[in-house]
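Enquirer:
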Amino acid sequence: MPLSTGLPADRGTWAVTVTGRPYRRRKDVTVVSLLLLVLATVLGPTPSSAATDWWTPTARPTPDAQINVTGEPFTGTNSAGEVSGFVDAHNHLFSNEAFGGRLICGKVFSEAGVADALKDCPEHYPDGTLAIFDYITHGGDGRHDPVGWPTFADWPAYDSMTHQANYYAWVERAWRGGQRVLVNDLVTNGMICSIYPFKDRSCDEMTSIRLQAKLTYDLQAYIDKQYGGTGKGWFRIVTDSAQAREVIEQGKLAVILGVETSEPFGCKQILDIAQCSKADIDAGLDELYALGVRSMFLCHKFDNALCGVRFDEGGLGTAINVGQFLSTGTFWQTEKCTGPQHDNPIGTAASEAEEDLPAGTEVPSYDEDAQCNVRGLTDLGEYAVKGMMKRKMMLEIDHMSVKATGQALDIFEAASYPGVLSSHSWMDLNWTERVYSLGGFVAQYMHGSEDFATEAERTDALRDKYDVGYGYGTDFNGIGDHPAPRGADTSNPVTYPFRSVDGGSVIDKQTSGARTFDFNTDGAAHVGMIPDWIEDIRLVGGQDVVDDLFRGAESYLDTWGASEQHQASVNLAKGASATASSSESNPFTSYQPGRAVDGDDGTRWASDWSDDQSWQVDLGSTNLVSRVTLDWEKAYGKSYRIELSTDGTNWQTAWSTTTGDGGLDTAKFTGTPARYVRVHGLDRGTDWGYSLYEVGVHSG
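Heads up: the sequence shown begins at 6 in the numbering used here, then just goes up one per residue.
(1) Is the beta carbon of Asn96 sitting closer than 9 Å to the one on Cys110?
(2) Which residues bound the beta strand (DSSP E) around Glu699?
(3) Using CA coordinates, which residue listed in Glu268, Gln184 and Gly607 is at the minimum distance from Tyr698?
(4) For Ala55, count the other beta carbons within 10 Å of its own beta carbon; 16 or more makes it buried, fewer makes it exposed. Which is it?
(5) Using CA coordinates, which residue listed in His149, Phe91 and Pro78 is at the minimum distance from Val473?
(6) Tell me the rounded alpha-carbon separation between His487 and Glu367.
(7) Measure the alpha-carbon distance for Phe330 versus Asp285 and round it to whole angstroms.
(8) With a threshold of 8 Å, are at least 3 pairs of Cβ atoms found where one atom belongs to the segment 627-646 and the other to the segment 669-683?
(9) Give me, in chain order, the residues of the same chain whose beta-carbon lies closer than 8 Å to that of Arg600; leave out the 5 immediate sequence neighbours on both sides.
(10) Of the residues Tyr450, Gln225, Lys204 and Tyr596, which one's Cα is nearest the Cα of Ile484?
(11) One question on the structure: do Leu290 and Phe270 come within less than 9 Å of each other, judged by their Cβ atoms?
(12) What does DSSP give as the partner residue(s) for Thr662 in the beta ladder?
(13) Flag this pair as yes or no: are the beta carbons of Gln338 and Gly411 separated by less than 9 Å?
(14) If you follow the beta strand (DSSP E) that Tyr596 is in, where does it begin and where does it stop?
(15) CB Ile261 to CB Arg299, shorter than 9 Å?
(16) Report the residue from Leu577, Ala489 and Leu98 whose alpha carbon sits nearest the alpha carbon of His703.
(17) If we count Cβ pairs, one from each stretch, closer than 8 Å, do we get three or more for the segment 318-330 versus the segment 350-370?
(18) Pop quiz: Asp623 and Arg680 are said to be a contact at Cβ under 8 Å. What is the actual Cβ separation, rounded to whole angstroms?
(19) Using only CA atoms, which one of Lys237, Ala170, Cys126 and Leu382 lies nearest to Asp58?
(20) Where does the unbroken alpha helix (DSSP H) through Gly546 begin, and where does it stop?
(21) Please report the distance separating the alpha-carbon of Arg491 from that of Met196.
(22) Can you tell me which of the three DSSP states Gly193 falls into?
(23) Thinking Thr691 and Lys639 are a contact (beta carbons under 8 Å), I'd like their distance in whole angstroms, please.
(24) Tell me which residues share the same chain as Gly381 and place their Cβ nearer than 8 Å to its Cβ, disregarding the 5 neighbours each side in the sequence.
(25) With a threshold of 16 other CB atoms inside 10 Å of the CB of Arg30, please say whether the residue is buried or exposed.
(26) Rounded to whole angstroms, what is the Cα-Cα separation between Ser84 and Gln255?
(27) What are the residues that DSSP puts in a beta bridge with Thr75?
(28) Starting from Glu222, trace the alpha helix (DSSP H) in both directions and tell me its first and last residue.
(29) Would you kindly report the start and end of the unbroken alpha helix (DSSP H) that includes Asn96?
(30) Does the contact criterion of 3 or more C-beta pairs under 8 Å hold for the segment 442-457 versus the segment 562-580?
(31) Does the separation of the CB atoms of Glu340 and Ala375 fall below 9 Å?
(32) Should the segment 200-212 be called in touch with the segment 110-119, which here means at least 3 C-beta pairs below 8 Å?
(33) Could you check the C-alpha separation between Leu216 and Ser619 for me, to the nearest Å?
(34) Could you tell me which of Ile542, Gly528 and Phe417 sits nearest to Lys395, measuring between CA atoms?
(35) Give every residue of the same chain whose Cβ lies closer than 6 Å to the Cβ of Ser612, excluding the five residues on either side of it in the sequence, and list them in chain order.
(36) Can you find the residues in the same chain that come closer than 7 Å, C-beta to C-beta, to Tyr596, ignoring five residues on each side of it along the sequence?
This is the structure in structure tokens:
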């Protein structure tokens, strides 16, 4: 039966219920039973090997990297019936198969063993001179000792962008240290592949995505073999939140497939012309869902036919902007931001990538006062968002421009859909409360412990308000730096060995071949250093932020489960009788009030061109109304009220705004009985009147 195991007194008060072996009361041992025991020992068969614990493989390859964690992984749920554990919401296990197969060197696993898996790309020999991507993105000359196993003189390293950091045994160490959810984002970029000189396969993005998905299942099978057969390993790919909970309750790692690519379904744009259709989007989403993908980005690095991106900074930003031009024929374009949110400053530092531009073409300069991407969510992008909602998938809003993010959140708020993720600090923090209010999940990039703790503190009050946990997105193999060492001479270094957050395991320095990694001097060199990094966060930022991280798995699954269970509410206004103070006259089409409730988002009501105008709908009977959605045409209301009435004569204001900015608005308020709902315009946002494509009225 379950046993409750608490932390040591100096590690907090959190407790986890673990599933132990049945406890049997010891009986008195008689002389006869002792004699029988001796006879059985002498005459009985001798086992070929001692029984092993469930978390210890019976057939680990030799030689191999060590785990250096002892103790049983926690299982079961806590006293509140919740799963516990950390969530890496953004990792790229198999990006070594992306970008043409030679940008990230080394493999996650190999049937031929660790020496084959952890070796450098052939062009990096003898001294890294041809590690071109390193010095394009990082500066310097890229030189390094290419030898991996067993010496690892120069890699993996916290600041290496082109070497495998996700070897499976290192992932195992992260799991043993308390991680219970891993999102494996299948990633590639066709343009980076095409311009990088070393490659050994096609640059087609979907071909790479399919291969990475297959290899994730192959890795599961590889680990299963170590534990005696299908389903027995600790690495479990899950396709729904219930499966994930079962896996975590068993103490294993729930692995979720995501997608982060620049041109999903072939949806690139060339000179602003979309190269895909709605049929392509439907077919692409169906294929990804069948592969097991449950979350994805709609745009990444390059503006595409679905949405505009949040820019990169520095030399990498310049290189990506060059890639955007080569792929689409357009550089990033900016405008002045209209709200507190803004995109990253565009990188303008010189980059070797500029040599790939056609003669006479230069990366443009940008006004420091105009920091937002002009591109938002396109009509095809809106179709893709709604397609993901239909399939109960979760949308990653990191990498979307603030304009695109705002539009996507508008769509989710209108439908009360919770499936929104920010997995690695590429969302403007001003969106955080909107994400939490929907029921979404937020994780922070794997910054150094001091920066991580500082950023976590900025949003701590919101996590308390919405009672949610926190995640991290390591982005290993994702072309980014990782936490640098704070130094062995710091006043509060990580002291080895140390206990895991649950208190049930002892974690020592990780050894791979001839090299032993120490977080104090090596930083987060690979994914196996996650437990050490979390211990560093505890020392620097305190137990509270670690406790929030330990609630991450539960909060991630809450978002996923709520997305799966989401049901579209009934639009009480659809097809109902509508009237208005005025309607614009047009000899070619109708702008009558009923056009805003006909279920066709291609038709609309439009008023006369003056400020004080109203539109109202008769629901036919009194209903409890708590949410009204308004899909504005370009002629929107800047100041307006939502008014309710049970008799059509006496009205009360349920909601109002003076800062309307058009697009899709959602007015939420306490459920109120009403038969009539009125949109009362007070101040226009344009010189035209007010114009609404659709108005929705909902009970919940």
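Quick reminder that beta carbons are idealized off the backbone N, C-alpha and C, glycines included.
Expert: The relevant details are as follows:
(1) Here the question's residue 96 lines up with position 91 in the sequence shown. Here the question's residue 110 lines up with position 105 in the sequence shown. No, Cβ-Cβ distance for Asn96 and Cys110 is not below 9 Å.
(2) As a first step, residue 699 is located in the sequence shown; it is residue number 694 there, counting from the start. From DSSP, the beta strand (DSSP E) with Glu699 extends over Ser696 to His703.
(3) By 1-based counting over the sequence shown, the position of residue 698 is 693. Tyr698 has its Cα closest to that of Gly607, out of Glu268, Gln184 and Gly607.
(4) Here residue 55 refers to the residue found at position 50 of the sequence shown. Since pLDDT at Ala55 reaches only 43, below the 50 mark, its modelled position is unreliable, and the value read off the structure follows with that caveat. Exposed, by the Cβ-count rule.
(5) The residue given as residue 473 occupies position 468 in the sequence shown. The residue with the shortest Cα to Cα distance from Val473 is Phe91.
(6) Position 482 of the sequence shown, counting from 1, holds the residue named residue 487. Position 362 of the sequence shown, counting from 1, holds the residue named residue 367. Distance between the alpha carbons of His487 and Glu367 is about 32 Å.
(7) Within the sequence shown, numbered from 1, the residue matching residue 330 stands at position 325. Within the sequence shown, numbered from 1, the residue matching residue 285 stands at position 280. Each residue's Cα considered, the two are about 24 Å apart.
(8) yes
(9) Locating residue 600 in the sequence shown gives position 595, counting from the first residue. Non-local beta-carbon contacts of Arg600 in its own chain, meaning distances under 8 Å to residues more than five positions away in sequence, involve Thr608, Arg609 and Trp610 in chain order.
(10) Here residue 484 refers to the residue found at position 479 of the sequence shown. Selected option, being the one with the closest Cα: Tyr450.
(11) Along the sequence shown, one-based indexing puts residue 290 at 285. Along the sequence shown, one-based indexing puts residue 270 at 265. Yes; because the gap between Cβ atoms is below 9 Å, this pair is in contact.
(12) For the purposes of this step, residue 662 is taken as residue 657 along the sequence shown, with counting starting at 1. Answer is Tyr645, bridged to Thr662.
(13) Mapped onto the sequence shown, residue 338 falls at position 333. Mapped onto the sequence shown, residue 411 falls at position 406. It is not a contact, given that the beta carbons lie outside the stated cut-off.
(14) Reading the sequence shown from its first residue, position 591 is the one you call residue 596. Element bounds for Tyr596: n/a, residue is neither H nor E.
(15) Against the sequence shown, residue 261 aligns to sequence position 256. Against the sequence shown, residue 299 aligns to sequence position 294. Against a cut-off of 9 Å, the Cβ pair of Arg299 and Ile261 comes out as a contact.
(16) As a working note, residue 703 is residue 698 in the sequence shown. Measuring from the Cα of His703, the nearest candidate turns out to be Leu577.
(17) yes
(18) As a working mapping, residue 623 is identified with position 618 in the sequence shown. As a working mapping, residue 680 is identified with position 675 in the sequence shown. Indeed they touch by this definition, with Cβ atoms about 7 Å apart.
(19) Reading the sequence shown from its first residue, position 53 is the one you call residue 58. The candidate whose alpha carbon is nearest that of Asp58 is Lys237.
(20) Against the sequence shown, residue 546 aligns to sequence position 541. Where Gly546 is concerned, the enclosing alpha helix (DSSP H) stretches over Ile535 to Gly546.
(21) Residue mapping note: residue 491 aligns to position 486 of the sequence shown, counting from 1. Residue mapping note: residue 196 aligns to position 191 of the sequence shown, counting from 1. When rounded, the distance between both Cα atoms is 37 Å.
(22) For the purposes of this step, residue 193 is identified with residue 188 of the sequence shown, where counting begins at 1. Checking the sequence, you will find Thr at residue 193 rather than Gly. Note: Thr193 maps to strand in three-state DSSP.
(23) Stepping through the sequence shown from its first residue, residue 691 is reached at position 686. Stepping through the sequence shown from its first residue, residue 639 is reached at position 634. About 7 Å separates the two Cβ atoms, so the contact holds.
(24) The count along the sequence shown starts at 1 and reaches residue 381 at position 376. Excluding positions up to five away in sequence, the list reads Cys312, Gly313, Ser406, Lys408, Ala409, Gly411 and Gln412.
(25) Position 25 of the sequence shown, counting from 1, holds the residue named residue 30. Unreliable positioning characterises Arg30 in this predicted model, as indicated by a pLDDT of 32, which lies under 50. A coordinate reading is not provided.
(26) Position 79 of the sequence shown holds residue 84. Position 250 of the sequence shown holds residue 255. Near 16 Å, if we compare the C-alpha coordinates of Gln255 and Ser84.
(27) The residue labelled residue 75 in the question sits at position 70 within the sequence shown. DSSP, once it has assigned bridges, lists Val511 as partnering Thr75.
(28) Locating residue 222 in the sequence shown gives position 217, counting from the first residue. In the sequence on display, residue 222 carries Tyr and not Glu. In the DSSP annotation of this structure, the continuous segment of the alpha helix (DSSP H) that includes Tyr222 starts and ends at Glu210 to Gln231.
(29) For the purposes of this step, residue 96 is taken as residue 91 along the sequence shown, with counting starting at 1. Premise fails: Asn96 lies in the beta strand (DSSP E), Phe91 to Asn96, not in any alpha helix (DSSP H).
(30) yes
(31) Within the sequence shown, residue 340 is the residue found at index 335, counting from 1. Within the sequence shown, residue 375 is the residue found at index 370, counting from 1. Between Glu340 and Ala375, the C-beta spacing is below 9 Å.
(32) no
(33) Sequence index remark: in the sequence shown, residue 216 carries index 211 (1-based). Sequence index remark: in the sequence shown, residue 619 carries index 614 (1-based). Between Leu216 and Ser619, the C-alpha separation is close to 56 Å.
(34) What you label residue 395 is simply residue 390 of the sequence shown in a count that begins at 1. The shortest Cα separation from Lys395 among Ile542, Gly528 and Phe417 belongs to Phe417.
(35) By one-based count along the sequence shown, residue 612 stands at place 607. Ser587, Gln618, Gly694 and Tyr695.
(36) As a working note, residue 596 is residue 591 in the sequence shown. Excluding residues within five positions, the ones whose Cβ falls inside 7 Å are Ser588, Glu589, Arg609, Trp610 and Ala611.
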